[in-house]
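Numbering (the numbering used here), first residue to last: 895 to 1092.
The next block holds one structure in the form of structure tokens; read it before the comments.
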């Protein structure tokens, strides 16, 4: 199933085709494909080239580890996320290596890394869905994540599946049209809230 963006101006085809689906096929993701996604993340830009991202990664090929990460997800996310053959948690390092000062750009840079991973996945025929709905404290405890780091999002990755495999309530979400705010609502000139006339 495809749901291309209804863009008003020309954009790259990967940006147009990317969307966060809920349905995943049973097909496994080859380790070399997964490494390509992580390689894309590796080459993302970051403040002072600190590369403050880490990823906890598991696949259905290791059921014990897969179930451990799945248990960190919010109950509402577990039913559909359990369809995905790959689960991750992105993690941000909160302090610069260079001087041990707080890195207030860490979350931004982790987001860039996940965006790079996502577009590489789209290029390779995969879908990526990020989740805010996960138990941060449980993830921190299960994976012994120190206070220098912060779990950011949970991520499900896999090949697109058919909407029919989802419960009805989720199927409606999967089939609903994509939408975005107009550019005029978030681009300003002169003062905050004053729409720009590009």
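Using N, Cα and C, we set each Cβ at its ideal position, and we do this for glycine too.
Note that the coordinates shown come from a computational prediction; the quantities given were computed from them, not determined experimentally.
Per-residue DSSP class, three states only, for residue i
i	result
residue 1014	helix
residue 1023	strand
residue 974	helix
residue 942	helix
residue 1058	helix
residue 988	coil
residue 1073	coil
residue 1050	strand
residue 916	coil
residue 1008	helix
residue 980	strand
Closest Cα partner of residue i within the set the options
i	options	result
residue 1025	936, 910, 966 and 912	966
residue 964	955, 948 and 981	981
residue 896	1020, 1028, 1038 and 1092	1020
residue 956	1053, 973, 1062 and 979	979
residue 1067	1057, 975, 996 and 1004	1057
residue 1081	1090, 1073 and 1075	1090
residue 928	1028, 1022 and 977	1022
residue 949	906, 969 and 1034	1034
residue 984	1044, 943, 939 and 1076	1044
residue 902	1073, 1087 and 1088	1073
residue 1040	973, 1053, 988 and 1062	988
residue 962	1042, 1053, 1037 and 1060	1037
Between the CA atoms of residue j and residue i - distance to the nearest angstrom
i	j	result
residue 1071	residue 915	12 angstroms
residue 1085	residue 912	33 angstroms
residue 910	residue 1009	14 angstroms
residue 922	residue 1004	25 angstroms
residue 1032	residue 977	21 angstroms
residue 990	residue 1060	43 angstroms
residue 994	residue 936	22 angstroms
Cβ neighbours of residue i in the same chain (closer than 8 angstroms, five flanking residues each side left out)
i	result
residue 931	1011, 1014, 1015, 1018, 1020 and 1051
residue 1028	966, 967, 968, 971, 983, 1045, 1047 and 1048
Own chain partners of residue i with C-beta closer than 6 angstroms, once the 5 adjacent residues on each side are dropped
i	result
residue 959	952
residue 1083	1090
residue 947	1004 and 1007
residue 934	1010, 1011 and 1014
Cutoff 7 angstroms; reference residue i; Cβ partners in own chain excluding five residues on either side
i	result
residue 1001	986 and 1046
residue 1030	1045
residue 1055	917, 918, 919 and 977
Bridge partners - residue i, DSSP secondary structure assignment
i	result
residue 1080	Residue 1080 is not bridged to any residue.
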